[in-house]
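Undergrad: Residue numbers are given in numbering that gives the first Met the number 0: position 99 of the sequence shown equals residue 98, and the series is strictly consecutive. No residue lacks a Cβ here, since even glycine has one placed at the ideal position from N, Cα and C.
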Amino acid sequence: MALNNIKPDIRFLKNGAIELSSRVTNLLNIQNGDVINFDFDGIETYLYLDVKNPSTGSYKGICRSSKNKGRHMRIYWADAARKIIQQSGIEEAYYRVGDPVERCGKKMLPIITRINLYQK
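Here is the structure:
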């Protein structure tokens with residue numbers, strides 16, 4: 000359950016699922032079948048669109064629509080979800096994202112990991 004009425008932008012679940020809100024998918028223009036990735040610079044964790052609708056190859060981090068309508072996406076990437084959850088120190092991690100920044104020629108969203116909105 001999320002803290003009060005603040006809605007998280009990204010959720011890391013213990014079953015390996017990563018859920019993206021419509022806000023995140025709109026900010027990064029993520030479509031069904033796109034590949035996301037994470038960047039860790041030692042201080043901040045960033046989310047970014049890595050590959051736009053790949054036609055070939057095997058990728059982790061492929062986004063799939065979680066509903067028929069709407070822009071919510073779900074990714075099954077157990078390694079990434081576990082790594083983020085371990086940093087939080089509790090069962091699951093629910094975070095907000097900051098304003099987009101330009102890093103390494105890519106538009107990235109900083110994940111605000113200081114405040115976990117998850118409550119049991």
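#1: Please determine, among Glu91, Ile5, Gln30, the residue with the shortest C-alpha to C-alpha distance to Ala144.
#2: Below 8 Å on the Cβ atoms is my guess for Cys37 versus Ala79; work out the distance and round it to an integer in Å.
#3: Label Cys62 either buried or exposed according to how many other C-beta atoms from any shown protein chain fall within 10 Å of its C-beta, with 16 as the threshold for buried.
#4: Look up Asp49 in the DSSP assignment and say whether it is helix, strand or coil.
#5: Using the DSSP secondary-structure output, state which residues sit across from Tyr94 in a beta bridge.
#6: In the structure shown, what three-state DSSP assignment does Ala1 receive?
#7: Taking the alpha carbon of Ser20 as the point to measure from, which residue in Ile42, Leu46, Gly41, Lys59 has its own alpha carbon closest?
#8: Whose C-alpha, out of Asp98, Val100, Ile83, is nearest the C-alpha of Arg10?
#9: Tell me the DSSP secondary structure of Lys106 in three-state form.
#10: Can you have a look at Val100 and say buried or exposed, based on whether 16 or more other CB atoms are within 10 angstroms of its CB?
TA: The answer reads as follows:
#1: Past the boundaries of the shown model lies residue 144; the chain is included only from 0 to 119, so the question cannot be answered.
#2: Correcting the residue identity first, residue 37 is Phe in this sequence and not Cys. The Cβ separation is near 6 Å, so the contact holds.
#3: buried
#4: strand
#5: Ile9
#6: Bear in mind that the predicted position of Ala1 carries a pLDDT of just 45, short of 50, making it unreliable; the figure below should be weighed with that in mind. Here Ala1 sits in strand by DSSP.
#7: Leu46
#8: Ile83
#9: strand
#10: exposed
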